[in-house]
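For the protein sequence lines, the chains are S, A and U, in the order given.
Our numbering applies: residue 15 is where the first sequence begins, and numbers increase by one.
Our numbering applies: residue 9 is where the second sequence begins, and numbers increase by one.
Our numbering applies: residue 208 is where the third sequence begins, and numbers increase by one.
Everything below concerns the one structure shown next.
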Amino acid sequence: MLQSGAGESRRPASRRQRVGGRESGYAYLTLLPVLLIMAAFSLYPIGYSIYLSLHKEVLTDPLNHPFVGFQNFSNALHSYYLTSSLVSTGAFMVMAVPAVMVFGLLAALLLNEAFAGARILRVAILLPWAMPAVVSGIVWRWMLNGDYGILNSALFQLGIIHDYIPWLSQPALARMGLALAHVWREGPLAAIFLLAGLQTIPSDLYSAAAVDGAGRVAAFRRITLPLLRPTIVIVLIYETIVAATTFDLVYVMTGGGPADATSLISWYAYAEVFKFLDLGTGAALAFLIALLLLGVILLYLRVLRSDEHR
Amino acid sequence: MLSIETLVEGVTTGRVSRRGFLQGAVALGLSASGAVALLEACTSGTQGTSAADLTFVVWSYGVETIKDNIKKLEAKVSGLHVNFQDFAWTNYHDTMVARFAAKTPTDVCYGSDHWLSEWAAAGWLSPLEQKYPNLNAYTSDYFPYVIQGMTYQGKNYGIPYYADTWAFLYNEDHLKKAGISQPPTTWAELTQQSLQVKAKGIANYPVILLFAQDDPGSIEVWTSMVFSLNDGHLFDDSLNPLFDRSGSAAAKTIDWVASALNTSKILDPASLTSQEIPVVKAMESGAHTFTILETYNQAELNKSGSGPFSGKFKMAPMPGDTHNTVGYVRFYAVTDQLSKRDASVIKFGDDFLQYFGGKPDGAISPVVKRWAVENGLGFGWKSLWDDADVRKAFSTWGNPDMLRQNQQLARSKEGLTKYYPSWDVFTRAELQKAYLKQVSTTTALTAMADKWKSLKQG
Amino acid sequence: MMLLFILGPILWMLDSSFQGESELLTRPSHVLPQEPTVANFAYIFTGAIPQGLNVRGTLRSRISQEAREIPAALMNSAIIALAVALVNVAFGALAAYTFARIKFRGKSLVFNFLLGSRLLPAIAVAIPYYAIVSALGLLDSYVGLILVYLTFSLPFTIWFLRDYIMSLPIDIEEAAQIDGCGRLQLFRRIVIPLAAPGLAAAGAFAFMSSYNEFLFALLLTQTINSQTLPVVLSSVATNPDASLALIATSVVLAMGPPLIFAIAFQRFLTRGLVAALGKG
């Protein structure tokens, strides 16, 4: 590719300025490696996934792969596993996404101020996100342990609780524990994004508002929020997708339990393949999840667009 | 020359300062990772395995004993080299599935009766008669539940690593303090005694059970509770579900657990996420009075130094009507891959299997005996019960007659087919929902039956 | 307060890795180790099995060979993530520049195709990816994982860098073009130096997301030949037969590289983000 580039630079200047065909050649050449990889890993998987979802593919029945039409989809849709995992995922997202956004916003606002230790905090805040999600899961699972977890220890010694709580053994508390680990890990990224957004707001606006006698809360509502909206929306979409497809944390913290309370949608898809060894239904389920997510994103975008037109 | 050993030794004896240690550790760490990278590049990813290696995969129990056994075997058989890997017990099934599907070299691996049918049906394991027919000669000395657990479609697929039963264990000291002279013989009595223990403040939750959703033992605990009752069957002879009938033993068991968890509050809620080891540790610390564990854990509990109640843990027959319990076998399985390798490797495989679970040199494998004597693991060989060393070792932590009795009362799990593992995973979640009273017992059992039927239809 | 929340878990892990097994199980927990020991670190690096009941527990040895694979896994993760980052910066930047400055037929279609491919949740493409990588014979290899991670990271890199480059003043480039500079030379001599902070940010982001990826590393690797850190770590940590102290030690070792990396690149990340968002 470098050869062609070098060759191009030898061509006379007049030819190069032409827009359209000639540029397309260069453009596609530079995009070639990227496109090759992306095409191989998007078009083929979709095709193969479709194939899998339309056939019976169960690992314990290795010689029998009849075409079964939409039966896998029907299996996936009718399994009450699907409903319960959607409910679990929904419950988790309702807790996790707002928590992440609030944490991110508060942290961003905090970091935007200049104060002693701000620099340390700015570095420190990135640390949880820099680590694999599984680390977050492992650490929090340990800290939430009902027998020797340090959270219980601290609460107990502060007199807030009278006996150690087995956090991850009760469905509702387990979801909260999962959300906690999720916020610890994802919050910092939201904070960084929102901080970056905050920093693009010119400070003169705030000074002007102060001159006009507006209080901090009013300034926040009238200046910060509206100007931050685009960033907030980006972060919201991203965090929603991340929360909906959480897998790593479930794997190390709860394994889907107790009583499937934390069997999120990605976990269910994984279990379908690895525990039930049914690749056909697994593929069908994956399609359904993808469609669902696409729907959610389109919904978000529609809300965003209608907001912009207001 | 600087090495990790000298560094560590230096620090622990105070000769090297902390700063020096850190510097040395960093230097070693960097050079170590550099060395690793170099090694990696040189061996281009073959991890030092040669063509004649036997890859042996286990779950992580007693790893140092296994390594020692391997060392002894390698010294005995020249040219044999074992490539040894271990994975978590709770993840073992999924890990092996992925391994088999990717055809990662695996020659001998642990198996459990939970999964035998599934793996054999998928073609991942090879029956002994194919390459190791001489190992089939030992089955006459096995207990019935052992043979059942290793048979698929009439063929034997393994030699026992260990075979054991699920036992009802209790803390004798707790009972004495509560003024109870005999352990409970029925589940109602268990409830009553637990309430007494709880009332006296001896234990907040007298009962703890191994019900973690990811521990394959959890289904065995529940099944043993079902077996202990009259009509304690989950399936009939044609493998149709019996548990969803009203008034079934399964329903009674679930009701008991649900009531113990929610009403009388004698069962620790943490049971739902407690695997085997947390339960053992909790019992050791004296936090609970009653539990159901694998028999070898009585050895673990009574080992000196285990805690304030070391030596005080006793076994009683499973409470209920028949006192039956679950017997299981974990075994060495031969993979389909091994059966396709050269004759020389197959010969090594024979040496390995004989040494670890057969009769090398005519007497029962020293490995089997070692597990029994050192760790209290049960065994599949009937004749080993007469061994003096074994009896002596067992009597240090348990009552050999009680152990023998439990063995005779043990039955193999029912429904061991190629869809049992899937049904098992599904059922564990359903049972938890029923325990938590999120769904009624009937609903859960019906769901379990429906799942079974749909799996059976294929 | 926030600092405690964020750093707390990290410090607790560090603390725990120096405590022995039985010390870790006390109620209430010991905040400072009363009997510090480096036995677990020694095990991971040398295989010297921790002795003494207070460190390992009773009958069961509570060790797993897997913990000894952590240093190798660290190396795997580092190599793979670095490769992904480099390819991202090299080819991703080139592609981003093309999108930013050059008009060509089908531009928005291609761009949307690239971005849209990111919308699929990972689990939806897990099995097909596995099939492709397996068919190419790349299971359990660096290249397989690198390819897969590239498909994840390139879209974001290209989107991010396109915005970043668009925010750069175009006058310099136009001036250079008039002077007779070819597109590629332009790219190399002018754009790259100008966009350096953005490139660093994109590279850092690609590195981090590849390093931390778990699901596909789990699916596509089998042995320590290519298993990355999150996979080995989660395997050790969810193993009830591994002593807690051993787990803590593994976590501490795992935390090392990302921490160092994050501290080093923190400034680039924030600056790059501000630039991209400010004009986006």
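Ideal Cβ placement from N, Cα and C applies to all residues, glycine included.
Because the structure is a prediction, the values reported are computed rather than measured.
Assumed close pair residue i, residue j - CB separation to whole angstroms, cut-off 8 Å
i, j, result
"F151/A", "W132/A", "The pair is not a contact, with the Cβ atoms about 26 Å apart (cut-off 8 Å)."
"L393/U", "A383/U", "5 Å"
"Y371/U", "A333/U", "The Cβ separation is near 31 Å, so there is no contact."
"G410/U", "V340/U", "With 8 Å as the limit, G410/U and V340/U do not qualify as a contact, their Cβ atoms being about 24 Å apart."
"L88/A", "D359/A", "6 Å"
"S150/S", "A195/S", "5 Å"
Alpha helix (DSSP H) segment containing residue i, residue limits
i, result
"N77/A", "V71 to K84"
"F64/A", "Segment D61 to W67 is the beta strand (DSSP E) holding F64/A; no alpha helix (DSSP H) there."
"D94/A", "First-last for D94/A: H89 to F95, but that is the beta strand (DSSP E), not the alpha helix (DSSP H)."
"H196/S", "P185 to Q213"
"L348/U", "First, the residue type needs correcting, since residue 348/U is Ser and not Leu in the sequence shown. Segment: none, S348/U is in no alpha helix (DSSP H) and carries neither H nor E."
"R107/A", "Y100 to A109"
"S442/U", "L436 to A444"
"R395/U", "Taken as a continuous stretch (DSSP letters only), R395/U belongs to no alpha helix (DSSP H), as it is neither H nor E."
"Q201/A", "W195 to A207"
"Y220/S", "S217 to V225"
"K310/U", "Per DSSP, K310/U belongs to no alpha helix (DSSP H) and is neither H nor E."
"K367/A", "K367/A -> no alpha helix (DSSP H), and no H or E assigned at all."
"M282/U", "I277 to V294"
Contact set between residue i and chain A, taken where Cβ atoms lie within less than 8 Å
i, result
"Q429/U", "A106, R107, A110 and T112"
8 Å Cβ cut-off: residues of chain S touching residue i
i, result
"K441/A", "A273 and D274"
"A437/A", "G270, G271, A273, D274 and S277"
"V433/A", "A285, K289 and F290"
Within chain A, the residues that residue i reaches when beta carbons sit closer than 9 Å
i, result
"A449/U", "S68 and A96"
"T435/U", "Neighbours of T435/U on chain A: none; closest Cβ ~14 Å, over 9 Å."
Counterpart residues of residue i in DSSP-defined beta bridges
i, result
"Y170/A", "R338/A"
"S120/A", "R338/A"
"I300/A", "F176/A"
"R419/A", "V334/A"
"T343/A", "L133/A"
"D292/S", "V72/S"
"V472/A", "In the structure displayed, chain A extends from 9 to 466; residue 472/A sits before or after that span and is not available."
"K163/A", "Y160/A"
"W389/A", "Y150/A"
First and last residue of the uninterrupted beta strand (DSSP E) at residue i
i, result
"M323/A", "F321 to A324"
Close-in-space but distant-in-sequence residues of the same chain around residue i (CB under 6 Å, 5 per side omitted)
i, result
"K208/A", "A186"
"S348/U", "S433"
"L183/A", "none"
"L269/A", "L275 and Y443"
"Y356/U", "V291 and S417"
"A401/A", "V381"
"G34/S", "With a pLDDT of only 42 at G34/S, under the threshold of 50, the placement of this residue in the model should not be trusted; the figure read from the coordinates follows. Excluding sequence neighbours, G34/S sits near nothing in its chain."
Nonlocal neighbours in the same chain, by C-beta distance under 7 Å from residue i, ignoring five residues either side
i, result
"T454/A", "D252"
"Y284/S", "F261"
"K459/A", "W431 and F434"
"A324/A", "F176, Y178 and P191"
"I303/S", "I279 and A283"
"W219/U", "none"
"S63/S", "A297, A300 and F301"
"D223/A", "T98, Q283 and E284"
Chain-order list of residues whose beta-carbon lies under 8 Å from that of residue i (same chain, five-residue window excluded)
i, result
"E197/A", "P327"
"T265/U", "Summary for T265/U: the model assigns pLDDT 47, below 50, so the residue's position carries little reliability; its value from the coordinates is reported in the next sentence. If we look at T265/U and ignore the five residues flanking it on each side, it has no Cβ neighbours."
"L312/S", "none"
"E380/U", "R308, L393, I397 and V398"
"V458/U", "M220, S224, L440 and A444"
Closer than 9 Å at the beta carbon, the chain S residues around residue i
i, result
"V291/U", "Neighbours of V291/U on chain S: none; closest Cβ ~11 Å, over 9 Å."
"N419/U", "W143, A144, M145, P146, A147, V148, V149 and D262"
Where residue i meets chain U, residues with beta-carbon distance less than 8 Å
i, result
"N99/A", "S442, T445 and N446"
Proximity test, residue i beta-carbon vs the ligand FMN heavy atom, cut-off 6 Å
i, result
"Q200/A", "Ligands in the displayed structure: none, and consequently the ligand FMN is not present."
Contact set between residue i and chain U, taken where Cβ atoms lie within less than 7 Å
i, result
"A41/S", "T305, I309 and F311"
Contacts that residue i makes with chain A (C-beta to C-beta distance below 7 Å)
i, result
"S183/S", "P277, A278, L280 and T281"
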